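Just so we're aligned: the sequence shown equals residues 13 to 246 in the working numbering. For every residue, glycine included, the Cβ atom is placed at its ideal position computed from N, Cα and C. All values derive from a computational prediction rather than experimental measurement. Quick notes on the structure that follows.
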Amino acid sequence: MLQDREQKKLKSKLKGKERRAAQKAERAKQAAAQLLVNQANAQSDPLSKFPSFVNYERNGLSCNLICKKVKELEPEILQWAIELCKDNMRPLYERSSQGWQECDKVDEMSEDAAWYLVVLDKATDKPLAFSHFRFDMDYGDEVLYCYELQLEEACRRKGLGRFMMQVLELVAFSNQMQKVVLTVFKHNPEGMNFFKKCKYDIDETSPEDSYEESFDYCILSKLNKMKPTQKTSL
Ligand SMILES: CC(C)(COP(=O)(O)OP(=O)(O)OC[C@H]1O[C@@H](n2cnc3c(N)ncnc32)[C@H](O)[C@@H]1OP(=O)(O)O)[C@@H](O)C(=O)NCCC(=O)NCCS
């Protein structure tokens, strides 16, 4: 009897020790992940290491790609991006549960944390497409979150969107992010098909429909194959 009690005590002591060790490991993992996010955000041009990815010359398009923090982006380009986003996305937001909240979208697109990948026509210097993205922590993981991928109608179906996603992946994985994450409306079949073709899968954080609740969006991601996920069980 006494032996039993002693054994139980020892077991619970060991469990407590294991839990504390797991918590310590999780805190260290979070700190390391945050450091990577901070380092990624501290650079000035994530494309400077990849000179062969700053040109796109295919299917009748001849363009340059630039990558800047929102603070360094020309105000006219930001204004153009906001207008393009509104033209492309307003009807989709209006069909969603959240509706189109223009001020919120403008605020989101202008926040200091926003980065922009912008495609410019070489001949005219006019912007053709952009992605708003961020290096951020997402459910404890260091990620590149793609907030927007928007192309002018005239330059679609020419492989440019896929190329931009490849550039984002290069930027993400060269900065040791765990994955590229994005949200897409389920009632945007073109967008859904596009990301499927780009080999994006449903992310583990994507909400699941139930009897009580259904969601009009899903979260997709592509994992960094060079960086296996290390979930610490608490
Ligand atoms: C979705 C979008 C980014 C795709 O960019 P894109 O440059 O036209 O796409 P790509 O030419 O690289 O297409 C790659 C593949 O995706 C699929 N795809 C792209 N557009 C598609 C569409 N409208 N319908 C069905 N499949 C599509 C195709 O399989 C395509 O390959 P293919 O042309 O060889 O058949 C672009 O249409 C866009 O800006 N749409 C409006 C905004 C939007 O919905 N953004 C995404 C959600 S945030």
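* Secondary structure at Leu85, three-state DSSP: helix, strand or coil? -> Correct three-state label for Leu85: coil.
* Is Phe9 near ligand 1, with its Cβ less than 7 Å from a heavy atom? -> Residue 9 is absent from the structure shown; the chain starts at 13 and stops at 246.
* Locate the alpha helix (DSSP H) running through Asn205, then write down its first and last residues. => For Asn205, the enclosing alpha helix (DSSP H) covers residues Pro201 to Lys209.
* **Same chain, Cβ closer than 7 Å to Gln42, five either side skipped, listed in chain order** => Excluding positions up to five away in sequence, the list reads Gly152.
* **C-beta contact flag for Leu26 and Glu154 at 8 Å** => In this structure, Glu154 does not lie closer than 8 Å to Leu26 by Cβ.
* Asked: Span of the beta strand (DSSP E) holding Ser143?
  -> Counting along the chain, the beta strand (DSSP E) containing Ser143 begins and ends at Pro139 to Asp150.
* **Rounded C-alpha distance that separates Leu129 from Lys80** => Approximately 7 Å between the Cα atoms of the pair.
* Would you call Lys20 buried or exposed, if buried means 16 or more other Cβ atoms sit within 10 Å of its Cβ? -> Label assigned to Lys20: exposed.
* Any heavy atom of ligand 1 closer than 7 Å to the Cβ of Val196? -> At least one heavy atom of ligand 1 is nearer than 7 Å to the Cβ of Val196, so yes.
* Between the Cα of Met149 and those of Ile214, Gln46, Gly171 and Asp16, spot the shortest distance and give me the residue it belongs to. => Checked all of Ile214, Gln46, Gly171 and Asp16; the closest Cα to Met149 is Gln46.
* **Closest residue to Phe145 among Ser64, Tyr157, Asp137 and Asp213 (Cα-Cα distance)** => Checking every option, the nearest Cα to that of Phe145 belongs to Tyr157.
* Asked: What do you reckon, are the CB atoms on Asn71 and Gly171 nearer than 8 Å?
  -> A contact, by the Cβ cut-off of 8 Å.
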